[in-house]
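So the sequence lines, in the order shown, correspond to chains V and R. Under this note's numbering, the letters of the first sequence match residues 1321 to 1735, in that order. Under this note's numbering, the letters of the second sequence match residues 2 to 172, in that order.
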Amino acid sequence: MSNYRELVDPDQGRVSALIYADDAIYDAEMRNIFGKSWLFLAHESMLPKRGDYLTTSMGDDPVVVVNQGGGEYVAFLNQCRHRGMRLCRADEGNARAFTCSYHGWVYDLSGKLIQVPHEEDGYLGALDKSKLGAQRVPRLANHRGFVFGTWDEDGPSFDEYLGDMAWYFDSFADRWARTEVLGAPNRWIIECNWKLPSEQFATDVYHAETSHVSALIAQGKQWVDAESRGLQFSSPGGHGTGFYLDDAPDMTNYGEAVDQYRAEARQKEIDRLGETRALHVRGHNTIFPNFSFLVGTDTFRVWQPRGPHSIEVMAWTLADADAPAQVKDAVRRNAIRSFSAGGIFEAEDGENWAEIQQVLQSGRGRHASFNFTMGLGGAGKHPDFPGVISNIYSEEAGRAFYRRWLQLMEDGEQS
Amino acid sequence: MSLEVHFEVSQFLTREARILDERQFEEWLTLLAEDIRYVAPVRLARMPREESKEFEPDGAGAHFDDSKEDLAERVRKLATGRAWSEVPASRTRHLVTNVEVEEAEAPGTYAVRSNFLLYRTRGTTYEDTFVGTRHDVIRRRSADFGDLEIAARRILLDQTVVLGNNLSVFL
């Protein structure tokens, strides 16, 4: 048993590098963090018809998500109950049932085992198929089209889990009456620990002016200046977001079609979200532990852990489903040009995280202590924004992320 | 297709590969038509019945979907000297093979297929290998030998999940 409290001290703003680079800690995270948290599975528009499925993962566990029809979704572990073969081997598609390609066990769309070859002459009629369904994710929640799931049977509801973060999440999820994901995800591997990107999207706009300076210069745009004011929200749930208070400080160019549409759509967004949220809450976000999004660029992604030193990124673009095709196309092209493996912003993020991880291969590097003290003691309440609020240049949301991490890791040791 | 045109187009692609590997990105831009579309659709693992949807269609998931201005923006970014994913610069080698050249519909344009292997190394041990095929539309600018431009490039990567920290390179 690790003494996590020695490794992570959020109140003093200290985090040991070991938590990013240790096999035993990673294994404990899969149980204690990913086994207990609400994890993103799919957006409704990815699976519009009954039988539509996709394969993704919850932590490092592969799962299948299936549209059951009637607005119902099911997720189950992508593993046959017989010998553990991967049940569904495509990225997405439409199916009537899932047949294991090892011995031919057949599961229906909800993961129930419905047919087994040689049931009579092999199993002598003694196999209880009702007990051999695929391992079902026990609880799913659909928040404005975003479907999350958790392995935790008794934990908080998704709404309780989000807490005040729901108000900020809805600046993305509820900005338009109908939302739509534009195409299959960008997927790529970054050789880094999953917490590096998750924590950055929760707490860190600080890096942008240094890390992304080349993209900002190339665009010839003044993104923000020293006078720009912004706020950061942090949460006991480990969620975080940062946003500027001036109007629409986009990091990226959308082109005329979108600019004009956005100007027209602005009043509708204000009607839905209120002026404060519609105009200002447009920043970087993480819903603990590994779901992140950028309002404005309209990318959202999951940082799927793949061992302590690697992640698979799955990134999508969200759009107003009722926007003209030309606008959706501009939004999509802008999002992938700025935030994807080939994104002019995101390329530098991957470089940072992978280089950090490389240094953690060294003994001294791995036992270093990272500094999370920015804005320590500077958080409080704000009349217009729910939750704990600090200046945007703060690591308060990072400290909250690791406070939640510590709580779950310690809870896991006691159970 | 005449031997001469096939040779001319092949030499053009070889020259383009060298220019990229020499990091002469502004010169590379001069090989591209003003109306170029540079697209790399996302690829998916699909069951046989849905294999026709292996590559995302136009307007859906893509690694790149760039205009000339978008590509010029990428080049401006690299030229700042502060594009950290390329500082210090990657060492790359574009190997271009299996070139097939056909007359396209518009006069003076060719539908060109080629396979590529892009080897990239950074730092001391970092390596990427991106492999795929390219469907180019190559357009003649003048009757001068080799005076061609790339009017469209569709890059079909073999990886569904890109096995690299980023794609800050041109394919």
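Note that CB positions come from ideal geometry on N, CA and C, so glycine has one too. Model, not experiment: these values are computed from the prediction.
For residue 1610 of chain V, there is no enclosing alpha helix (DSSP H), as DSSP marks it with neither H nor E. Contacts with chain R at 8 Å (Cβ-Cβ) include residue 1671 of chain V. Listed along chain R, the residues sitting closer than 7 Å to residue 1413 of chain V by beta-carbon distance are 47, 48 and 51. Taking a cut-off of 8 Å for Cβ pairs, the segment 1596-1603 of chain V and the segment 1635-1643 of chain V do not touch, as fewer than three such pairs fall below it.
Less than 8 Å divides the Cβ of residue 1506 of chain V from the Cβ of residue 1660 of chain V. Within its own chain, the residues whose Cβ lies closer than 6 Å to the Cβ of residue 1432 of chain V, once the five positions on either side in sequence are excluded, are 1453, listed in chain order.
Nearest in C-alpha terms to residue 1564 of chain V, of all of V/1428, V/1440, V/1553 and V/1467, is V/1553. Taking 8 Å as the CB threshold, residue 1502 of chain V lines the interface with chain R. Using a CB distance cut-off of 8 Å, residue 1656 of chain V counts as an interface residue toward chain R. Cβ neighbours of residue 1663 of chain V within its own chain (closer than 7 Å, five residues either side excluded): 1656 and 1657. Per DSSP, the continuous alpha helix (DSSP H) segment holding residue 1352 of chain V begins and ends at 1343-1352. Residue ranges of uninterrupted beta strand (DSSP E) with 3 or more members, entirely inside the segment 1433-1509 of chain V and ordered along the chain, are 1433-1435, 1459-1463, 1466-1470 and 1499-1501. At least one C-beta of chain V is nearer than 8 Å to the C-beta of residue 78 of chain R. Here residue 1337 of chain V carries a helix assignment [DSSP, helix/strand/coil]. The Cβ-Cβ distance between residue 9 of chain R and residue 146 of chain R falls below 8 Å. Judged by beta-carbon spacing, residue 1412 of chain V lies beyond the 8 Å limit of residue 166 of chain R, meaning their Cβ atoms are not closer than that value. Within chain R, the residues 78, 81, 83 and 84 have their CB atoms less than 7 Å from the CB of residue 1534 of chain V, given in chain order.
The Cβ-Cβ distance between residue 1456 of chain V and residue 1396 of chain V falls below 8 Å. Annotated three-state conformation of residue 1600 of chain V is helix, per DSSP. In the three-state reduction of the DSSP assignment, residue 1531 of chain V falls in the helix class. In this structure residue 44 of chain R is in contact with residue 55 of chain R, their Cβ atoms being roughly 6 Å apart against a cut-off of 8 Å. Under the three-state reduction of DSSP output, residue 44 of chain R falls in the strand class.
No Cβ of chain R is located within less than 8 Å of the beta carbon of residue 1364 of chain V.
Under the three-state reduction of DSSP output, residue 25 of chain R falls in the coil class, being neither helix nor strand. Between residue 28 of chain R and residue 1460 of chain V, the alpha-carbon positions lie close to 53 Å from each other. For residue 1334 of chain V, same chain residues with a beta-carbon under 6 Å away, outside a window of 5 residues either side, are 1689 in chain order. When beta bridges are read from the DSSP output, residue 79 of chain R appears opposite no residue. Of the candidates V/1495, V/1706 and V/1425, V/1495 places its Cα closest to the Cα of residue 1589 of chain V.
When Cβ-Cβ separations below 8 Å define contact, residue 1649 of chain V makes contact with chain R.
Chain V has a Cβ within less than 8 Å of the Cβ of residue 74 of chain R. A Cβ-Cβ contact shorter than 8 Å links residue 1501 of chain V with residue 1365 of chain V. Close to chain V, meaning a Cβ-Cβ distance shorter than 8 Å, are the following residues of the segment 107-126 of chain R: 124. For residue 1361 of chain V, the three-state secondary structure derived from DSSP is strand. Collapsing the DSSP output to three states places residue 1654 of chain V in a helix.
Separation of residue 68 of chain R and residue 32 of chain R (C-alpha to C-alpha, rounded to the nearest whole angstrom) is 14 Å. Between residue 162 of chain R and residue 1537 of chain V, the gap from beta carbon to beta carbon reaches 8 Å or more.
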